[in-house]
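J.: After the structure tokens below, expect a handful of questions from me.
Numbering (UniProt numbering), first residue to last: 1 to 291.
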């Protein structure tokens, strides 16, 4: 089913629709006809050769999260044959405002054409480069319980630049079994295997009691990126980046939001509820007569 019926696709032409004027202009696209367009293209080529890639350190963390969302949407658009997407269309599909989207994409440099939109393939590659996905990542997963098996069997990682290369567990009943096309290995092989496989990301899906020891082994193997599903605050060196996913905490946040939304306005904002509703009368000289 087509989720984006109004977007321009291959074979339908790319005439601008007038929606989604873009505030920035793609450097390597011709901005006019004749000599001015050729000169602009030549200048853009030189700029690209001398330009450095977007500095990940300069991109706010919240923006990085949204860039990942934009990338997912762009992948869907590309699969549907969409060539050009406006900022409004991409923002709506991503669940953000168009102004915020344009600000987020400005961290990557010029990306679109005013009055036309974004080239889906080019913007997708730009975001992948900023997120470090253009070189791909080799992922090892430790802990092949219910959660680990679900993660190992998820096919979406490969489409987003993450290749699951090895699974590990300490349970003899699981070692030697096959999950997601990979044979589960003994966790005692973890450190050497990570080096041999040139793993770049480690995923911890073990029990809480084993999480710190597994984390230490991943660090010893040279991994600098770890995704942990343990609610514990694991100790890591300064040079290691860790993201922690606590599913119970996320549900607690949802519970809070639900309770807040079900609370009457006067309980959420007592001061506003106590404010007088009558409009104070004014005298001819501008002074206010209080009721």
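The beta-carbon is built from N, C-alpha and C at its ideal position, and this holds for glycine as well.
On a predicted model such as this, the values are computed, not experimentally measured, just so you know.
1. Answer yes or no: do residue 67 and residue 93 have a C-beta to C-beta separation smaller than 9 Å?
2. Kindly give me the distance between the Cβ atoms of residue 195 and residue 222, rounded to whole angstroms, as I take these residues to be in contact under 8 Å.
3. Can you tell me which of 227, 64, 213 puts its alpha carbon nearest to the alpha carbon of residue 105?
4. Secondary structure at residue 83, three-state DSSP: helix, strand or coil?
5. So which of 227, 140, 184 has the shortest CA-CA distance to residue 246?
6. Could you pull the start and end residues of the alpha helix (DSSP H) that residue 193 belongs to?
7. Where DSSP assigns a beta bridge to residue 168, which residues make up the other side?
8. Would you call residue 211 buried or exposed, if buried means 16 or more other Cβ atoms sit within 10 Å of its Cβ?
9. On a CA-only basis, which of 250, 215, 224, 220 is nearest residue 233? Give me that one, please.
10. Given 8 Å as the limit, is there contact between the region 131-150 and the region 111-118, that is, 3 or more CB pairs closer than that?
11. Could you tell me which of 182, 100, 109, 74 sits nearest to residue 159, measuring between CA atoms?
12. Taking 9 Å as the threshold (C-beta atoms), are residue 201 and residue 185 in contact?
13. Taking Cβ to Cβ, would you say residue 91 is nearer than 9 Å to residue 83?
14. Comparing C-alpha positions only, which one of 128, 235, 188, 163 sits nearest to residue 172?
15. So, at 8 Å on beta carbons, what are the nonlocal neighbours of residue 205 in its own chain, with the 5 sequence-adjacent residues on each side left out?
16. Hey, residue 161 and residue 137 are a contact pair by Cβ (cut 8 Å); roughly how many whole angstroms apart?
17. Among residues of its own chain, excluding the 5 on either side of residue 220, which ones have a beta-carbon nearer than 6 Å to its beta-carbon?
18. Rounded to the nearest angstrom, how far is the Cβ of residue 198 from that of residue 224, given a contact under 8 Å?
19. Once DSSP output is grouped into helix, strand and coil, what is the label at residue 102?
20. When you compare each of 85, 98, 62, 218 to residue 122 by their alpha carbons, which one comes out closest?
21. From 262, 69, 252, pick the residue whose C-alpha is nearest to that of residue 131; which is it?
22. How would you call residue 248, buried or exposed, if buried means at least 16 neighbouring beta carbons within 10 angstroms?
23. Quick one: give me the first and last residue of the alpha helix (DSSP H) that residue 243 is part of.
24. Output needed for residue 50: all residues of its chain with C-beta closer than 7 Å, excluding positions within five of it in sequence on either side, in chain order.
25. Is residue 217 buried or exposed, if buried means 16 or more other CB atoms sit within 10 Å of its CB?
26. What residue does the alpha helix (DSSP H) around residue 120 start on, and which one ends it?
27. Between the Cα of residue 127 and the Cα atoms of 179, 170, 72, 99, which residue gives the shortest distance?
T.: Quick answer:
1. Reading the chain shown from its first residue, position 67 is the one you call residue 67. Reading the chain shown from its first residue, position 93 is the one you call residue 93. Taking 9 Å as the Cβ cut-off, residue 67 and residue 93 do not qualify as a contacting pair.
2. Looking up residue 195 in the chain shown gives position 195. Looking up residue 222 in the chain shown gives position 222. The pair is a contact, with the Cβ atoms about 7 Å apart (cut-off 8 Å).
3. Along the chain shown, one-based indexing puts residue 105 at 105. The shortest Cα separation from residue 105 among 227, 64, 213 belongs to 64.
4. Numbered from its first residue, the chain shown carries residue 83 at position 83. Residue state, collapsed to three classes: strand.
5. One-based indexing of the chain shown puts residue 246 at position 246. Ranking 227, 140, 184 by Cα distance to residue 246 puts 227 first.
6. Locating residue 193 in the chain shown gives position 193, counting from the first residue. Run containing residue 193: 190-197, per the alpha helix (DSSP H) assignment.
7. As a working note, residue 168 is residue 168 in the chain shown. Residue 168 is bridged to 142, 185.
8. Taking the first residue of the chain shown as position 1, residue 211 is located at position 211. By the neighbour-count rule (16 or more Cβ atoms within 10 Å), residue 211 is buried.
9. Against the chain shown, residue 233 aligns to sequence position 233. The option with the nearest alpha carbon to residue 233 is 215.
10. no
11. Your numbering for residue 159 matches position 159 in the chain shown. For residue 159, the closest of 182, 100, 109, 74 by C-alpha to C-alpha distance is 74.
12. As a position in the chain shown, residue 185 is number 185, starting the count at 1. As a position in the chain shown, residue 201 is number 201, starting the count at 1. Contact flag unset, no.
13. In the chain shown, the residue the question calls residue 91 occupies position 91. In the chain shown, the residue the question calls residue 83 occupies position 83. No. Outside cutoff.
14. As a working mapping, residue 172 is identified with position 172 in the chain shown. Selected option, being the one with the closest Cα: 188.
15. Position 205 of the chain shown holds residue 205. Answer for residue 205: 141, 142, 143, 144, 145, 147, 148, 151, 229, listed in chain order.
16. Translated into the one-based positions of the chain shown, residue 161 becomes position 161. Translated into the one-based positions of the chain shown, residue 137 becomes position 137. Correct: roughly 6 Å between the Cβ atoms.
17. For the purposes of this step, residue 220 is taken as residue 220 along the chain shown, with counting starting at 1. If we look at residue 220 and ignore the five residues flanking it on each side, its Cβ neighbours are 191.
18. Numbered from 1 along the chain shown, position 198 holds the residue referred to as residue 198. Numbered from 1 along the chain shown, position 224 holds the residue referred to as residue 224. About 13 Å separates the two Cβ atoms, so there is no contact after all.
19. The residue you call residue 102 lines up with position 102 of the chain shown. If DSSP states are grouped into helix, strand and coil, residue 102 belongs with the helices.
20. Residue mapping note: residue 122 aligns to position 122 of the chain shown, counting from 1. Among 85, 98, 62, 218, the Cα nearest to that of residue 122 is on 85.
21. Indexing the chain shown from 1 puts residue 131 at position 131. Sorting 262, 69, 252 by C-alpha distance to the C-alpha of residue 131 places 69 at the top.
22. Residue mapping note: residue 248 aligns to position 248 of the chain shown, counting from 1. Residue 248 is exposed by the Cβ-count criterion.
23. Mapped onto the chain shown, residue 243 falls at position 243. Premise fails: residue 243 lies in the beta strand (DSSP E), 241-244, not in any alpha helix (DSSP H).
24. Residue mapping note: residue 50 aligns to position 50 of the chain shown, counting from 1. Note that residue 50 scores a pLDDT of 38, beneath 50, so its modelled location is shaky; the value from the coordinates is reported in the next line. Hits under 7 Å: none found.
25. If you number the chain shown from 1, residue 217 lands on position 217. Buried.
26. Position 120 of the chain shown, counted from the start, is the residue given in the question as residue 120. Looking at the DSSP string, the run of the alpha helix (DSSP H) that includes residue 120 is 120-130.
27. Within the chain shown, numbered from 1, the residue matching residue 127 stands at position 127. The shortest C-alpha separation from residue 127 is found at 72.
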